[in-house]
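Residue numbers (my numbering): 270 to 534. Ideal Cβ positions, reconstructed from N, Cα and C, are used throughout, including at glycine. Here is the structure we will look at.
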């Protein structure tokens, strides 16, 4: 098959993985709302956090951009609009800016084939990694992930406590891991599973960094995906983090822009 076609298929899989993850938990909670305007996904988490109030669109017009802005503005809710390759055209930025959105972030979509031996990482004798199963696990996951925000984002903690309330069989595509050092939760990683294994939420408490925890959590997630027969892993990385993932065989494939309504509410 032509390489360009293969790459386009993978880009489609990356976009689908992100879009489904954004709505996955909110669609299962009565306190949250998921709607679509045209083919643009809108998530209202009920929390004042642009980590969980998100939009993901395809083709963007002036009308759609205004409707998305109005949806969040009516409740004065911060949000982040993820723009993938399928939305990029010469009019996209103009439409978003015209509706009051500002560009906030650029991430790189990356992909790697998963091989059993490629992602081995020396075991850290002091790090115990657990998959989240019981309420305390989810509480610990939220506490670690919230600690990487400045200031600490308490709504991250609230969100993951809500995740725990959903039956495991209903949220089986979201896999969360917590790493513990002497019983203290110090790091996280996550997988969201579609036709590819999406890697998310690689985090380490600020005071516990430079100890190899992040790499260990990352490799643990990859090994889990490999053991469950996934062939491709995908992620979004900041430009500063590209070389970290390239060491594990990931390649740059596409770009994602994040737009914000923070100056319009």
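query                                                                                                                           : result
Residues that residue 380 bridges to, as DSSP identifies them                                                                   : 503 and 520
Burial state of residue 464 (16 or more Cβ within 10 Å)                                                                         : exposed
Residue 353 beta carbon less than 9 Å from that of residue 284                                                                  : yes
Pairwise C-alpha distance: residue 323 and residue 291                                                                          : 7 Å
Cα-Cα separation between residue 533 and residue 332, rounded to whole angstroms                                                : 17 Å
Secondary structure of residue 332, DSSP reduced to three states                                                                : helix
Outcome for residue 431 when other beta-carbon atoms lying within 10 angstroms are tallied against a minimum of 16              : buried
Option nearest residue 282 by Cα separation, candidates 365, 472 and 381                                                        : 381
Cα-Cα separation, residue 508 to residue 373                                                                                    : 14 Å
Cα-Cα separation, residue 437 to residue 522                                                                                    : 33 Å
Spatially closest choice to residue 327 from 337, 448 and 428, by CA coordinates                                                : 337
Range of the contiguous beta strand (DSSP E) that encloses residue 467                                                          : 466 to 473
Beta-carbon proximity check, residue 502 vs residue 519, cutoff 9 Å                                                             : yes
Enclosing beta strand (DSSP E) for residue 323 [first to last residue]                                                          : 323 to 325
Given residue 426 as reference, the closest of 404, 444 and 440 once Cα atoms are compared                                      : 404
Cut-off 7 Å between Cβ atoms - residues of its own chain near residue 529, not counting five sequence neighbours on either side : 319, 349, 370, 371 and 373
Outcome for residue 325 when other beta-carbon atoms lying within 10 angstroms are tallied against a minimum of 16              : buried
Residue 330 versus residue 527: straight-line alpha-carbon distance, rounded                                                    : 16 Å
Three-pair Cβ contact test at 8 Å for the region 311 to 318 versus the region 481 to 499                                        : no
Helix, strand or coil at residue 293 according to DSSP, with G and I counted as helix                                           : helix
Residue 537 versus residue 394 - alpha carbon distance                                                                          : Given a span of 270 to 534 for the chain in the structure shown, any question on residue 537 remains unanswerable.
Where the beta strand (DSSP E) through residue 448 begins and ends                                                              : 443 to 450
For residue 420, three-class secondary structure by DSSP                                                                        : coil
Residue range of the alpha helix (DSSP H) that includes residue 513                                                             : 511 to 515
Under the three-state DSSP convention, the category residue 397 falls into                                                      : strand
Environment of residue 392 [buried if 16+ CB atoms lie within 10 Å]                                                             : exposed
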